[in-house]
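In my numbering, the protein residues as written are 17 to 165. Heads up, the beta-carbon is just placed ideally off N, CA and C, and yes, glycines get one too. Keep in mind that this is a model prediction, so the values were computed, not measured. The structure appears below as structure tokens.
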Amino acid sequence: MEIAQILTGYVIPVLAIVLSVAFWLTGRASARDAKKALDEITETTRGWQKEIMESAISMLGARTEVVGKQIVLEEAKVKTEILQKVAEAVQSASIEIAKNPKAGEEGKAQLRSLELLLGTLLEHIGRAKDKQQLAQAMIEGKQHLSNDS
17 MEIAQILTGY VIPVLAIVLS VAFWLTGRAS ARDAKKALDE ITETTRGWQK EIMESAISML
77 GARTEVVGKQ IVLEEAKVKT EILQKVAEAV QSASIEIAKN PKAGEEGKAQ LRSLELLLGT
137 LLEHIGRAKD KQQLAQAMIE GKQHLSNDS
């Protein structure tokens, strides 16, 4: 027998079977690892979903007044941040005008932008005060109703 016939008849088929078994074992281990990772992801996701559902249930079960007050508080925080930013913009515009006053149209544009910022600031302050008074009246009205019961 020739070496080529021995190689093609015996060595290559045995080598192919050995490599096939090795690839099968490697694939099986990879599949096991992938399943383990997928199970961990699934479990983590279920945990998050459970926490979200519990949070939603507790929020729905909370008293509406408490939720309403939290919403009003968050809204007040946002509005306070907006007012702070507008106030900072007014301050920086005022400082810029004081340091570097412009003449002519540029000066008028500086003053118009400052007036616009001041108008916005005053408008937001007025709205906040009106809403605060309305919210206070609503809270007092609910307290009177619950005391009358």
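Test item: CB-CB of Gln126 and Ile113 under 8 angstroms: Mapped onto the sequence shown, residue 126 falls at position 110. Mapped onto the sequence shown, residue 113 falls at position 97. Their beta carbons are under 8 angstroms apart, which means Gln126 touches Ile113 by this criterion.
Test item: CB-CB of Ser129 and Ala103 under 8 angstroms: Residue mapping note: residue 129 aligns to position 113 of the sequence shown, counting from 1. Residue mapping note: residue 103 aligns to position 87 of the sequence shown, counting from 1. Taking 8 angstroms as the Cβ cut-off, Ser129 and Ala103 do not qualify as a contacting pair.
Whole-number beta carbon distance between Ile141 and Leu99, since they are thought to touch under 8 angstroms: Residue mapping note: residue 99 aligns to position 83 of the sequence shown, counting from 1. Residue mapping note: residue 141 aligns to position 125 of the sequence shown, counting from 1. Leu99 to Ile141, Cβ: 7 angstroms. Contact.
Rounded straight-line distance, which links the Cα of Lys124 to that of Asn116: Your numbering for residue 116 matches position 100 in the sequence shown. Your numbering for residue 124 matches position 108 in the sequence shown. If you take the alpha carbons of Asn116 and Lys124, they lie about 13 angstroms apart.
Counted within 10 angstroms of its Cβ, other Cβ atoms place Leu133 as buried (16 or more) or exposed: As a working note, residue 133 is residue 117 in the sequence shown. It counts as buried.
Cβ-based neighbour list, Ser165, same chain, cut-off 7 angstroms, excluding 5 preceding and 5 following: Here residue 165 refers to the residue found at position 149 of the sequence shown. In this predicted model, Ser165 has a pLDDT of only 44, less than 50, meaning its place in the structure is not dependable; the value taken from the coordinates is given anyway. There are no such residues.
Reduced DSSP secondary structure (H/G/I, E/B, other) of Glu139: If you number the sequence shown from 1, residue 139 lands on position 123. Residue state, collapsed to three classes: helix.
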